[in-house]
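Enquirer:
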Amino acid sequence: MSFLSNLKSALPFVKKEEVLEYFFALNIASENLTAALWIIEGKELKILETAFQSYSSLDDLIFVTDKLLDEVLGIREIEPQKILFGVPSLWLRDENLKEEYLIRLRKLVKELELTPMAYVEAAHALTHFLEKQEGVPATAILVGFEQHHLTVTVVRAGKIDGVKFVSRTDSSGADIEKALLNFTQVETLPSKIFIYGAQADLKSRLLSFTWMSKLSFLHFPKIDNLQDQIEIKSVCLAGATEIEGNILYTERPVKQAAKKGTTLSLEEDLADQKDDQATRSLPDEEDSKNLGFVVGDVSDKLDEETNLIQIDDSGYELPAPVSNEAKRVQAKSLTKGIHQKKSLGIIILILTIPLVIFTAYLFILKADVKVFVEPRVLEKDAQVTADPNQKQVDEDAKVIPGQIVSVEVSGLAKAAASGTKQIGDPAKGTIVIYNKISSAQSLSKGTQITGPGSLKFTLDTSMTIASQSATDSGIAFGKANTTVTAVAVGADGNLPSGAQFSVGGYSSDNLLAKSEGNFSGGNSKDVTVVSLDDQQKLLASLASDLRKQAQQKLQGQLPQKKILTEGLNEEIVKKSFSKNVNDQAAEFSLNLTARYKGTAFDDQDLRLIVSKLVTTQVPDGFQLDLPNTETQADVSKIDKDGKLVFLSRFKAKLLPKIDTSTLKSAIKGKSANQAVDIIKGMENILGAEIKITPSLPKTLQRLPLLSRNIRIEVGLK
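The UniProt record's numbering puts the first residue of the sequence shown at 1, with every later residue one more than the last.
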């Protein structure tokens, strides 16, 4: 390495360039492909560009992929070599790619001269993404929408119960219900439905669907939209996690690839990367070392140290004038005395300073050392019962004591009406009814007659029409006049004179009617009314809010207990809408009172079950970190006697055992950097942070020589 290279690496203000590797990702759905360009910068995943296109046949896979990869590259002068695939569940058999699809992917990477990284099932990638974002394993129904198909995935405690594909019809709710009815092994469905790839108004339409009629939900499900482009983001995060492990992903707008005819300037691309760097709140470890506190200050420090040992002898008082000889003698002896005093002072100072420093190091200096270890995670699923009649934890039967709790809550909510209805007046007029048969015919009030265009009218009064009779000129039909009223409001009923009508169930060969003059009075207008869907949506929304209020209220009364929102039985005490169905109104309200009853339990009891399950699986050199064990409970069943049966997933963290005495002996008296390097060299340790007090210049910083002055704290980063 040249002198200039050494100098450049030593200067604190010259930052080392980080070589970034670019990757492609391709998510393959049944009707569309989505590509992405992504990188790992530090510990963070960054998705730089995405592109999307539909395809009609797998024969188009290579052509469309090539086009999408060109779009995400834009004008960047880079050539990524590696590609990650997200594949649908239909492509897999026993978690392996079916041979027909494996052949297609091999052909794709060969044609495009790419290196395949791996493939991931899209459903697993999405489940992993939700767990990363929420911090807990997901329990939900995931519904992905394409133009002609939808994908339904049931996830409980982060594990996939199954994936179903169905063709879409006019009713998305019915399509989802059809898919969920095939999950016969799931006793109770998750009460959350997450939708993605759907139109903006689909959520409101799904809220009006009757989910409780055929499906085993504990209560009306909560429906939410997932973020845009979540499938390709999930695939990228899955790949980044395999490469880096503890990767971070922060949601930020992802660029859509520029369409044909537009280009992304290099300056814009570089400016975006600079903006990303400028938004960081703290420098990374490399930057924090290169803040310029060494170069430029060293000469000043040397001057200060030199000044500290200079002795000012200008304060001595000279004696009165004497003879020249005396002056020489006095001057000689005075100079000798001064030099003797100076020498003695310097010697004392030289002996004292090390003693003071040593004493400070020995007794005053203290160090706090935070050691960050790499935990192992043991995951276990178990069906646990919280029984109100149980007095103590039964670890073998997995039964814990429960406590029945109940609360009554009320709430008022308003919503806008969205139904429509016509109001107005029906048309009226006079008709003549002709009897063509030989016997008189009687018609009662309300008899229906049908006019042109299937318009319905009813008789205003009862009547009798005489039979036909013979006359000199031939047969004369019996006839009678009466008035009629249109069944429906509107101007359509304003018929002209001479319009023909059929009468009741009679054939026109027997009875026939005609309008006598023009009909009039029919008019109408459209008004907003409350629909049944409006009422059902408001009821579902308010009941969901009251359920949360009930859980919070009960949790406040029993802070030491755990109360599951989904484990609360709901009983409607009072339900009062301000408007009935088909009432004209711009908005309406609902006053609802409900009683919620459930079973509370102690989370510590659940942790005892965990320790029983995982104790035998703790490897040598590790210990169970019970206080930080994560538990998640998904309600399976609520019995009439108050027993709460739920599927509990335990995420037990195992921490490496650290011999603090040995560690203290290894790092005492070392510099902070030396101590960190020693600690990092130990097994299962990720790193360390050291704080030395009192604060000293970096060159003088050393850990205490006394082990008792070193405090070690072991934890997770």
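From the three backbone atoms N, C-alpha and C, an ideal C-beta is built for every residue, glycine too.
Predicted, not measured: the structure shown is a model, and the values here were computed from it.
1) How is Glu71 classed by DSSP in three states: helix, strand or coil?
2) Per DSSP, which one or two residues make a beta bridge with Tyr55?
3) Just reading off the alpha helix (DSSP H) that Asn182 is part of, what are its end residues?
4) Pick out the complete alpha helix (DSSP H) segments inside the segment 104 to 185, 4 residues or longer, and give them in chain order.
5) To the nearest angstrom, how far is the alpha carbon of Ile712 from that of Lys651?
6) State the start and end residues of the unbroken alpha helix (DSSP H) segment that holds Leu554.
7) Using the rule of at least 16 other Cβ atoms within 10 Å of the residue's Cβ for burial, across every protein chain shown, is Glu71 buried or exposed?
8) How is Thr359 classed by DSSP in three states: helix, strand or coil?
9) With DSSP as the reference, label Leu270 as helix, strand or coil.
10) Go to Ser204, then tell me how far its alpha helix (DSSP H) extends in each direction, as first and last residue.
11) Check Ala66 in the structure and name its three-state DSSP category.
12) Report the option in Phe220, Phe23, Val714 whose CA atom is closest to the CA atom of Phe372.
13) In chain order, what are the residue ranges of uninterrupted alpha helix (DSSP H) at least 4 long that sit wholly in the segment 344 to 400?
14) With a Cβ-Cβ cutoff of 8 Å, do Leu558 and Val405 count as a contact?
15) From Lys643 to Asp387, what distance separates their C-alpha atoms?
16) Helix, strand or coil for Asn684 per DSSP?
17) Over what stretch of residues does the alpha helix (DSSP H) that includes Leu608 continue unbroken?
18) Could you check the C-alpha separation between Gly261 and Tyr101 for me, to the nearest Å?
19) Could you tell me whether the segment 544 to 561 touches the segment 445 to 453, using the rule of 3 or more Cβ pairs below 8 Å?
20) Near Gly173, what residues of its chain come up, given a Cβ to Cβ distance below 6 Å and the 5 sequence neighbours on each side ignored?
21) Does the distance from the C-beta atom of Val530 to that of Lys575 stay below 8 Å?
22) What residue range does the beta strand (DSSP E) around Gly419 cover?
23) Using a Cβ-Cβ cut-off of 6 Å (strictly less than) and excluding sequence neighbours within five positions of Gly144, which residues of its own chain qualify?
24) Identify the residues that DSSP records as bridge partners of Glu587: which are they?
25) Quick check on the burial criterion: 16 or more other C-beta atoms within 10 angstroms. Buried or exposed for Thr565?
26) Measure the Cβ-Cβ separation of Met463 and Ala480 and say whether it is below 8 Å.
27) Can you tell me the Cβ-Cβ gap for Ala25 and Val235, rounded? I've got them flagged as a contact below 8 Å.
28) Excluding the 5 residues preceding and the 5 following Ala416 in the sequence, name in chain order all residues of the same chain whose CB lies nearer than 6 Å to its CB.
29) Residues in its own chain within less than 8 Å of Leu495 by CB, not counting five upstream and five downstream?
30) Can you tell me which of Lys657, Lys640, Asn709 puts its alpha carbon nearest to the alpha carbon of Glu570?
31) Report the three-state DSSP secondary structure of Gly86 (helix, strand or coil).
32) In whole angstroms, give me the CA-to-CA distance for Ala35 and Glu49.
33) I need the DSSP call for Asn518, collapsed to helix, strand or coil.
34) Tell me which residues share the same chain as Thr629 and place their Cβ nearer than 6 Å to its Cβ, disregarding the 5 neighbours each side in the sequence.
35) May I ask which residues mark the beginning and end of the beta strand (DSSP E) holding Ile230?
36) Excluding the five sequence neighbours on either side, which residues of its own chain have a C-beta within less than 8 Å of the C-beta of Asn523, listed in chain order?
Expert: Taking the structure as given:
1) Counting from 1 along the sequence shown, the entry for residue 71 is found at position 71. DSSP places Glu71 in helix when its eight states are reduced to three.
2) As a working note, residue 55 is residue 55 in the sequence shown. Tyr55 is not bridged to any residue.
3) Locating residue 182 in the sequence shown gives position 182, where the first residue counts as 1. Counting along the chain, Asn182 falls outside any alpha helix (DSSP H), and DSSP gives it neither H nor E.
4) 122 to 134, 172 to 180
5) On the sequence shown, residue 712 is found 712 positions in, with the first residue counted as 1. On the sequence shown, residue 651 is found 651 positions in, with the first residue counted as 1. Looking at the two C-alpha atoms, the distance is approximately 26 Å.
6) Numbered from 1 along the sequence shown, position 554 holds the residue referred to as residue 554. 532 to 557 is the span of the alpha helix (DSSP H), which, as asked, contains Leu554.
7) Numbered from its first residue, the sequence shown carries residue 71 at position 71. Taking all protein chains shown into account, Glu71 has 16 or more neighbouring C-beta atoms within 10 Å of its C-beta and is therefore buried.
8) Working through the sequence shown from its first residue, we reach residue 359 at position 359. Helix.
9) As a working note, residue 270 is residue 270 in the sequence shown. Here Leu270 scores only 40 on pLDDT, less than 50, and its place in the model is too uncertain to base an answer on.
10) Along the sequence shown, read from residue 1 onward, the residue named residue 204 stands at position 204. Start and end: 202 to 207.
11) Here residue 66 refers to the residue found at position 66 of the sequence shown. Reading off the sequence, residue 66 comes out as Asp, not Ala. Note: Asp66 maps to helix in three-state DSSP.
12) What you label residue 372 is simply residue 372 of the sequence shown in a count that begins at 1. The shortest Cα separation from Phe372 among Phe220, Phe23, Val714 belongs to Val714.
13) none
14) Translated into the one-based positions of the sequence shown, residue 558 becomes position 558. Translated into the one-based positions of the sequence shown, residue 405 becomes position 405. Cβ distance < 8 Å, so Leu558 and Val405 count as in contact.
15) As a working mapping, residue 643 is identified with position 643 in the sequence shown. As a working mapping, residue 387 is identified with position 387 in the sequence shown. Spanning the two alpha carbons is a distance of roughly 5 Å.
16) Taking the first residue of the sequence shown as position 1, residue 684 is located at position 684. Correct three-state label for Asn684: coil.
17) Within the sequence shown, numbered from 1, the residue matching residue 608 stands at position 608. Looking at the DSSP string, the run of the alpha helix (DSSP H) that includes Leu608 is 603 to 614.
18) Position 261 of the sequence shown, counted from the start, is the residue given in the question as residue 261. Position 101 of the sequence shown, counted from the start, is the residue given in the question as residue 101. Reliability of the predicted coordinates at Gly261 is poor, the pLDDT of 39 falling under 50, and the value obtained from them is presented with this limitation in mind. Taking the straight line from one Cα to the other gives about 34 Å.
19) Contact between the segment 544 to 561 and the segment 445 to 453 is absent, because fewer than three Cβ pairs lie under 8 Å.
20) Taking the first residue of the sequence shown as position 1, residue 173 is located at position 173. The beta carbon of Gly173 sits closer than 6 Å to those of Leu206, Phe209, all from its chain and outside the five residues before and after it, given in chain order.
21) Start at 1 with the first residue of the sequence shown, and residue 530 comes out as number 530. Start at 1 with the first residue of the sequence shown, and residue 575 comes out as number 575. Going by C-beta atoms, Val530 is not nearer than 8 Å to Lys575.
22) For this step, residue 419 is matched to residue 419 along the sequence shown. 419 to 435 is the span of the beta strand (DSSP E), which, as asked, contains Gly419.
23) As a working note, residue 144 is residue 144 in the sequence shown. Within the same chain, Cβ atoms closer than 6 Å to the Cβ of Gly144 are found at Thr151, Tyr196, Gly197, the five residues on either side in sequence being excluded.
24) The residue labelled residue 587 in the question sits at position 587 within the sequence shown. Residue pairing from DSSP places Glu587 in a beta bridge opposite Ala416.
25) Here residue 565 refers to the residue found at position 565 when the sequence shown is read from its first residue. Buried: at least 16 other Cβ atoms inside 10 Å.
26) Locating residue 463 in the sequence shown gives position 463, counting from the first residue. Locating residue 480 in the sequence shown gives position 480, counting from the first residue. The answer is yes: Cβ separation under 8 Å.
27) The residue given as residue 25 occupies position 25 in the sequence shown. The residue given as residue 235 occupies position 235 in the sequence shown. Rounded, the Cβ-Cβ distance is 5 Å, consistent with contact.
28) Here residue 416 is taken as the residue at index 416 of the sequence shown, counted from 1. These residues qualify, in order along the chain: Glu587.
29) If you number the sequence shown from 1, residue 495 lands on position 495. Excluding sequence neighbours, Leu495 sits near Ala427, Gly429, Gly451, Pro452, Leu455, Ser515, Asn518, Phe519.
30) In the sequence shown, counting from the first residue as 1, residue 570 sits at position 570. Among Lys657, Lys640, Asn709, the Cα nearest to that of Glu570 belongs to Lys640.
31) The sequence position of residue 86 within the sequence shown is 86, counting from 1. It is a strand residue.
32) Residue mapping note: residue 35 aligns to position 35 of the sequence shown, counting from 1. Residue mapping note: residue 49 aligns to position 49 of the sequence shown, counting from 1. For Ala35 and Glu49, the distance between alpha carbons rounds to 8 Å.
33) In the sequence shown, residue 518 corresponds to position 518, counting from 1. Coil, per DSSP.
34) Here residue 629 is taken as the residue at index 629 of the sequence shown, counted from 1. Result list for Thr629: Arg607, Val610, Ala652, in chain order.
35) On the sequence shown, position 230 is the one that residue 230 refers to. Premise fails: Ile230 lies in the alpha helix (DSSP H), 230 to 244, not in any beta strand (DSSP E).
36) On the sequence shown, position 523 is the one that residue 523 refers to. Closer than 8 Å at the Cβ level, and outside the excluded window around Asn523, lie Gly424, Asp425, Val489, Gly490, Ala491.
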